[in-house]
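For reference, each letter of the sequence shown is one residue, going 446 to 682 in our numbering.
First the structure, in the form of structure tokens, and then the observations on it.
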Amino acid sequence: MAAKAELAQAGAKRMAFQREHEYVSPRGLFDNVEPKGSRRFLTAAVSAFHGRGYHATTTRDIATLAGSSPAGIYTYYATKADLLYEIALIGHQYILDETEAALLVTDDPIGRIAEIVRRSVTYHAEEHVLTRVVNRDFQALDVQRLATIMKMRRRISTIVRDEVRRGVELGIFEVDHLEGTTIAVLRLMDVASWYNERGPMSPDELAEVYVGLILRMLGAPAAASDQAGDGKTAVNG
Numbered sequence: 446m447a448a449k450a451e452l453a454q455a456g457a458k459r460m461a462f463q464r465e466h467e468y469v470s471p472r473g474l475f476d477n478v479e480p481k482g483s484r485r486f487l488t489a490a491v492s493a494f495h496g497r498g499y500h501a502t503t504t505r506d507i508a509t510l511a512g513s514s515p516a517g518i519y520t521y522y523a524t525k526a527d528l529l530y531e532i533a534l535i536g537h538q539y540i541l542d543e544t545e546a547a548l549l550v551t552d553d554p555i556g557r558i559a560e561i562v563r564r565s566v567t568y569h570a571e572e573h574v575l576t577r578v579v580n581r582d583f584q585a586l587d588v589q590r591l592a593t594i595m596k597m598r599r600r601i602s603t604i605v606r607d608e609v610r611r612g613v614e615l616g617i618f619e620v621d622h623l624e625g626t627t628i629a630v631l632r633l634m635d636v637a638s639w640y641n642e643r644g645p646m647s648p649d650e651l652a653e654v655y656v657g658l659i660l661r662m663l664g665a666p667a668a669a670s671d672q673a674g675d676g677k678t679a680v681n682g
């Protein structure tokens, strides 16, 4: 009996902590979700998944964080998997759009890689709560939904790989292993797993450090790497 009481008390403390730290998207990624009730459950799910993990979170946990009864969540979502899928779609679509938009800034591989890194790092830092949930838990989705998310992830990988390859072909980058280097760039940009907003660098400052670091890793000319890392990448046109 005492053990059950302790577990219940610990659970209540966790949920109280999560309510105090309720997720609000810094970039407003959920602002346009309709109806408003579903938006409330989505942001509550992000908070719950972040605090407890997807598998340990119950629909009751999510409903509690949303200030609703457990039955209320089923008006919008049949399962917590439905919530995870919509969260993963929103997060992946946003960073895919950002990555594709980076290609419009310049035709230069150095400028494009710099802009991709800049946009990705600032996103992962500012939205570190959301991206931790998405990148950690998306593989819990069923096969069909996972395939949709993986298609978006492959598109991002392809964009990065193509720009690195183009830089090599133009004699701008020096890379021994295209696939391994692409994976390294993608992994470096995912700063969400460790980023702390109370740390010494803002998302913008961190992004510029990573721009210079990744361009040097790609073997870009030192002057171009330094200039891009200072946020001075030239824009053609």
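C-beta atoms are modelled at their ideal positions from N, C-alpha and C, and glycine is treated no differently.
- Boundaries of the alpha helix (DSSP H) harbouring Leu633: 623 to 634, taken from the DSSP string.
- Where Glu650 is concerned, the enclosing alpha helix (DSSP H) starts and stops at 648 to 662.
- When C-alpha distances from Ala493 are compared across Asp506, Ala533, Arg484, the shortest belongs to Asp506.
- Between the region 590 to 600 and the region 612 to 630 there are fewer than three inter-stretch CB-CB distances shorter than 8 Å, so the stretches are not counted as touching.
- In this structure, Ile601 lies near Ile540, with their beta-carbon atoms less than 8 Å apart.
- Counting of Cβ neighbours within 10 angstroms places Gly625 among the exposed residues, the total staying below 16.
- Taken through DSSP and simplified to helix, strand or coil, His495 comes out as helix.
- Of the other Cβ atoms in all chains shown, fewer than 16 fall within 10 Å of the Cβ of Ala667; this residue is therefore exposed.
- By the C-beta criterion, the region 555 to 568 is judged to be in contact with the region 647 to 656, since at least 3 inter-stretch pairs fall below 8 Å.
- With 16 or more other CB atoms across the displayed protein chains lying within 10 angstroms of its CB, Thr488 is buried.
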